[in-house]
Amino acid sequence: MLKWNAIYKKISMLENPNMGSASVLNEVENEGKRLSKWELCRVVKELRKFRRYRFALEVYEWMNNRAEIYRITTSDTAIQLDLIAKVHGISSAEKYFMKLPDALKDKRIYGSF
């Protein structure tokens, strides 16, 4: 199993701006290595710490595309909402919020606005 800091380094050192987090995560997955949700969330935390919001959002988008493997919680959704606002603007975050089911809308979601 690959450690989270190795994934973080690969993502943060991407030279081609058109390549995103998904390219690194797909590469790791294609090598047959399994990434735990904890590791991916730790990568997101580190990317956010250094204001690499686009890469952090791409990690969550990658996880969302694998919903059968990674269970996204309300806290994860709140972080995604915050990242969407930072990367795409508040209007995009509002659109994302409006699409969320009412069951997901709790204090963490409202707090991220």
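In short: position in the sequence shown from 1, add 4, done, that's the working numbering.
Where is the CB? At the ideal position from N, CA and C, for every residue including glycine.
The stretch 62-78 in contact with the stretch 104-116 per 3-pair CB rule at 8 Å: yes
Notebook entry, point to check: Per DSSP, what kind of secondary structure is R112 in: helix, strand or coil?
Noted result: As a position in the sequence shown, residue 112 is number 108, starting the count at 1. Three-state result, R112: helix.
For the candidate residues W8, I94, N34, E35, whose alpha-carbon lies nearest to that of K49?
Within the sequence shown, numbered from 1, the residue matching residue 49 stands at position 45. Nearest option by C-alpha distance: W8.
On the premise that I88 lies in contact with Y74, defined as a C-beta separation below 8 Å, what is that separation, rounded to the nearest angstrom? Within the sequence shown, numbered from 1, the residue matching residue 74 stands at position 70. Within the sequence shown, numbered from 1, the residue matching residue 88 stands at position 84. Incorrect: roughly 18 Å between the Cβ atoms, too far for contact.
How is A71 classed by DSSP in three states: helix, strand or coil?
Start at 1 with the first residue of the sequence shown, and residue 71 comes out as number 67. Three-state result, A71: coil.
* What did DSSP end up calling F54 once you bin it into helix, strand or coil? -> Position 50 of the sequence shown holds residue 54. In this structure, F54 counts as coil in the three-state DSSP scheme.
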